[in-house]
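Peer 1: For the sequence shown, the numbering used here assigns the number 9 to the initial residue and increments by one for each residue that follows.
Built from N, CA and C at the ideal position, the CB exists for glycine as well.
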Amino acid sequence: MNKIKVAVLFGGVSSEHEVSVVSATSVLRNIPKDRYDVTMIGITKDGRWMEYTGAIDSIASMKWETEKARTAVISPDRSHHGLLLLDGNSVELRPIDVFFPVLHGKNGEDGTLQGLFELAGIPYVGCDVLSSADCMDKAVTHTILEAAGIPMAKWDCVTASDMEHFEDIAGRMEEKLGYPMFVKPANAGSSVGVSKAKNRQQLKEACYVALNEDRKAIVEEFINGREVENAVLGNENPTASLVCGEITPKVEFYTYEAKYQDDSTELHLPAEISPELNEEIRRTAEKAYKAIGCMGLSRVDFFVKRDGSGIILNEINTLPGFTSISMYPKLWEASGVSYPELLDRLIQLALERK
Ligand SMILES: Nc1ncnc2c1ncn2[C@@H]1O[C@H](COP(=O)(O)OP(=O)(O)O)[C@@H](O)[C@H]1O
Ligand SMILES: [Mg+2]
């Protein structure tokens, strides 16, 4: 049997570059080599695309970024159906059957790269252009999921030009949301630019911090809740992982540092919640996934309100962290699907969509 030719992409220009290389290391180690023939493509922080032929274990060191390697780009010309490897004046065409983007955040998880896969006419793992873009933009996610009847935090939206009449805006938000409020860039990720505001002065500062990351910021009511996550897998008929996981940040909220740089966060797996609540989260995760049209995979994050008044969907991550200790693969492992089996399923789901 001919092996399926997979190109795994990692790195990228987003603030989550460092997470991507660790995720990619795990993915590359675990892809079943008897079935898949793997090409590795590293994208540097400044956006150069290169073929990587070194050891998987050296990817996370980021040394490949400074090494001289062949440029490797996806050709949008469908007759090529793959990558163009450029070396001086010579060009090698490498046919590819399926792309596996292991990139988080901007230009990886937001539909832009998915658009290039579509132009090339080559199947790819994960969400399509629209669902990726919709889940990347928190204001759009809110709008779609609210319309679908999914419980979401009360929210509002601000742009840079709104800040010229900040006092009016602040008055409106205070009435609608009350303090504390959570302010976030509409399009970012990994808690970059996220802050909690306890008064009008802090709200103003928080809006500027968020607007520094994106032209639009969203402001939410504070939800006093436990953070519980579910992993969804599938295309039109998705399945939510049997178990949910809980993250407990020991700092005030789940910041970038708490996520990746220190050990101030604990992962609990399975989450200690009642079977009824577990079911409610699973059903809601599947409903939200379908409402937004996700494909392949997504991690759906919730708050379970501490006053017992129910759940709130926080966000959908279409390319969640994929390190061997990340929540998404861990949730599947705990639900009976091993990491290599999960990769296999994801690639098959991509090929089925063709
Ligand atoms: N409305 C909210 N109420 C309480 N905590 C929040 C709220 N929104 C976000 N947080 C906290 O901030 C963290 C990051 O926010 P999130 O919306 O998940 O953005 P990101 O896309 O950057 O992960 C969450 O994990 C949670 O700890
Ligand atoms: Mg989050």
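Between residue 23 and ligand 1, is there a pair consisting of the residue's CB and a ligand heavy atom that are separated by less than 6 Å?
Peer 2: Every heavy atom of ligand 1 is 6 Å or more from the Cβ of residue 23, so no.
Peer 1: Restricting to Cα atoms, I'd like to know which of 173, 218, 296, 239 is closest to residue 199.
Peer 2: Comparing Cα-Cα distances from residue 199 to each of 173, 218, 296, 239, the minimum goes to 218.
Peer 1: Taking DSSP as the reference, what is the three-state secondary structure of residue 369?
Peer 2: Nothing can be reported for residue 369: it is not among the residues displayed for the chain, which extend from 9 to 362.
Peer 1: Just to confirm the assignment, what range does the beta strand (DSSP E) spanning residue 324 have?
Peer 2: Per DSSP, residue 324 belongs to the beta strand (DSSP E) from 319-325.
Peer 1: Buried or exposed: where does residue 259 fall if 16 or more other Cβ atoms within 10 Å of its Cβ makes it buried?
Peer 2: Exposed, by the Cβ-count rule.
Peer 1: Going by alpha carbons, who is nearest to residue 143 out of 129, 116, 169, 314?
Peer 2: Nearest C-alpha to residue 143: 116.
Peer 1: Is residue 263 buried or exposed, if buried means 16 or more other CB atoms sit within 10 Å of its CB?
Peer 2: It is buried - the Cβ of residue 263 has at least 16 other Cβ atoms within 10 Å.
Peer 1: What's the C-alpha gap between residue 194 and residue 251?
Peer 2: So the alpha carbons of these two residues sit roughly 29 Å apart.
Peer 1: Can you tell me whether DSSP reads residue 237 as helix, strand or coil?
Peer 2: The answer is strand: DSSP assigns residue 237 an E or B state.
Peer 1: Less than 6 Å between the CB of residue 284 and some heavy atom of ligand 2, yes or no?
Peer 2: Not under cutoff, so the answer is no.
Peer 1: If we ignore side chains and look at the alpha-carbon of each, how far apart do residue 299 and residue 150 end up?
Peer 2: Rounded to whole angstroms, residue 299 to residue 150 spans 12 Å at the Cα level.
Peer 1: Could you please give me the residues that DSSP links to residue 60 through a beta bridge?
Peer 2: 48, per the DSSP bridge assignment.
Peer 1: Is any heavy atom in ligand 2 found nearer than 6 Å to the beta carbon of residue 260?
Peer 2: No, since every heavy atom of ligand 2 falls outside the 6 Å radius drawn around the Cβ of residue 260.
Peer 1: Hey, which residues come within less than 6 Å of ligand 2, measuring from Cβ to any heavy atom, in chain order?
Peer 2: Those satisfying the condition are, in chain order, 309, 323.
Peer 1: Compare the Cα-Cα distances from residue 63 to each of 49, 123, 53, 175 and report the closest residue.
Peer 2: Per the Cα distances, 49.
Peer 1: Using only CA atoms, which one of 131, 163, 257 lies nearest to residue 272?
Peer 2: Of the listed residues, the one whose Cα sits closest to residue 272 is 257.
Peer 1: Tell me where the alpha helix (DSSP H) around residue 194 begins and ends.
Peer 2: Note, residue 194: premise wrong, no alpha helix (DSSP H); not H, not E.
Peer 1: Which term fits residue 246, buried or exposed, when burial requires 16 or more other beta carbons within 10 angstroms of its beta carbon?
Peer 2: With 16 or more other Cβ atoms within 10 Å, it is buried.
Peer 1: Going by DSSP, what residue range makes up the alpha helix (DSSP H) through residue 348?
Peer 2: Where residue 348 is concerned, the enclosing alpha helix (DSSP H) stretches over 347-361.
Peer 1: So residue 32 packs on residue 21, CB below 8 Å; how close in whole Å?
Peer 2: Contact flag wrong, Cβ pair sits at about 15 Å.
Peer 1: Which term fits residue 211, buried or exposed, when burial requires 16 or more other beta carbons within 10 angstroms of its beta carbon?
Peer 2: Residue 211 should be labelled buried.
Peer 1: Find the nearest neighbour of residue 26 within the set 316, 321, 268, 275, judged by alpha-carbon distance.
Peer 2: Considering only alpha carbons, the answer is 268.
Peer 1: For ligand 1, is there a heavy atom less than 6 Å away from the beta-carbon of residue 199?
Peer 2: Residue 199 Cβ: within cutoff of ligand 1.
Peer 1: Cβ of residue 190 versus every heavy atom of ligand 1: is any distance shorter than 6 Å?
Peer 2: Flag set: Cβ of residue 190 near ligand 1.
Peer 1: Any idea what DSSP makes of residue 336, helix, strand or coil?
Peer 2: DSSP places residue 336 in helix when its eight states are reduced to three.
Peer 1: Buried or exposed for residue 105, going by 16 or more other Cβ atoms inside 10 Å?
Peer 2: That one is buried.
Peer 1: Might you give, ordered along the chain, the residues of its own chain that have their beta carbon closer than 6 Å to the beta carbon of residue 114, omitting 5 neighbours on each side?
Peer 2: Closer than 6 Å at Cβ, skipping near neighbours: 22.
Peer 1: Extract the residue ranges of the alpha helix (DSSP H) inside the region 137-185, only unbroken runs of 4 or more that lie entirely within it.
Peer 2: Fully enclosed alpha helix (DSSP H) runs of 4 or longer: 137-144, 146-155, 174-184.
Peer 1: Does the Cβ of residue 330 lie closer than 6 Å to at least one heavy atom of ligand 1?
Peer 2: For ligand 1, not one heavy atom lies less than 6 Å from the Cβ of residue 330.
Peer 1: What separation, rounded to the nearest whole angstrom, lies between the Cα atoms of residue 214 and residue 99?
Peer 2: So the two alpha carbons sit approximately 49 Å from each other.
Peer 1: For residue 343, which option in 101, 234, 238, 169 has the closest C-alpha, if you only look at C-alpha atoms?
Peer 2: Closest by alpha carbon: 238.
Peer 1: Nearest-angstrom Cα distance between residue 338 and residue 317?
Peer 2: Rounded to whole angstroms, residue 338 to residue 317 spans 28 Å at the Cα level.
Peer 1: Given this structure, state the Cα-to-Cα distance separating residue 58 from residue 94, to the nearest angstrom.
Peer 2: Cα-Cα distance, rounded: 9 Å.
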